[in-house]
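Peer 1: Numbering (mature numbering (1 follows the signal peptide of the UniProt record, and there is no 0)), first residue to last: -16 to -1, 1 to 228.
Don't be surprised by glycine CBs; every beta carbon is placed ideally from N, CA and C.
First, the structure itself, so that you have it in front of you.
Here is the structure:
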């Protein structure tokens, strides 16, 4: 997700600069890219267990590649746009919108899996990103003319992030009684969830299992059964041979 967000900042920065938006709007995508790349580097270091030097080098190389691609696009598209041909910059803006949405869609898969619960997202970072998109939208409104595609970029970001907030708020409301009962026993919701899973007891708020995982488990179970059957057959044949 962090890498996709950093990637979407490239066409977004190109679009904002070529369209000659307000200076804060031209700077904002690059700040956004920087923060996302730092978060991505931390993911490489702590989640993927890369050495610090390797994660730093990879991030620096990606940052240089993004900067070079953005500079090349700006130098190529700006003269064309000033000549009155806006097809190229429109394509860049559409790509930015698609990448931005793609970067925010993976959390919705996790929300479905956990029945609306948000895990692994920093609320401070998400709030900063939401207000950044909101105030960028307001800056567009304050311009002499409102750029529709630029507005769509920030509206997509705001709506998808509002959806994440609402999903967790609804989950908190639905599980309020269960969490209260668990707290009375000195336990957390996760403790309760683990107990139900250990007992194989149906639970309304248990994590959904994807069909792929279920299929894999079924295949593994079938292999185990087949192995046991083969072992029993071999044992039976061995006993008969011994009797003979």
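(1) Are there 16 or more other CB atoms within 10 angstroms of the CB of residue 183, so buried, or fewer, so exposed?
(2) Measure from the alpha carbon of residue 121 to the alpha carbon of each residue in 13, 51, 59, then state which is nearest.
(3) Per DSSP, what kind of secondary structure is residue 7 in: helix, strand or coil?
(4) Do the stretch 127 to 145 and the stretch 83 to 90 make contact, defined as three or more Cβ pairs closer than 8 Å?
(5) Is the stretch 17 to 31 touching the stretch 41 to 56 in the sense that three or more CB pairs, one from each, lie closer than 8 Å?
(6) Hey, out of 167, 137, 156, whose CA is closest to residue 189's CA?
(7) For the alpha helix (DSSP H) that contains residue 179, what are its first and last residues?
(8) By the DSSP assignment, the alpha helix (DSSP H) with residue 40 in it spans what residues?
(9) Please classify residue 65: is it buried, with 16 or more other beta-carbons within 10 angstroms of its beta-carbon, or exposed?
(10) If I measure Cβ to Cβ from residue -15 and keep anything under 7 Å in the same chain, skipping five residues before and after, which residues do I get?
Peer 2: Taking the geometry as given:
(1) exposed
(2) 13
(3) If DSSP states are grouped into helix, strand and coil, residue 7 belongs with the helices.
(4) Proximity of the stretch 127 to 145 to the stretch 83 to 90 meets the contact definition, three or more beta-carbon pairs being nearer than 8 Å.
(5) yes
(6) 156
(7) 173 to 183
(8) For residue 40, the enclosing alpha helix (DSSP H) covers residues 36 to 66.
(9) Residue 65 counts as buried, since no fewer than 16 other beta carbons sit within 10 angstroms of its beta carbon.
(10) 20, 23, 24, 27
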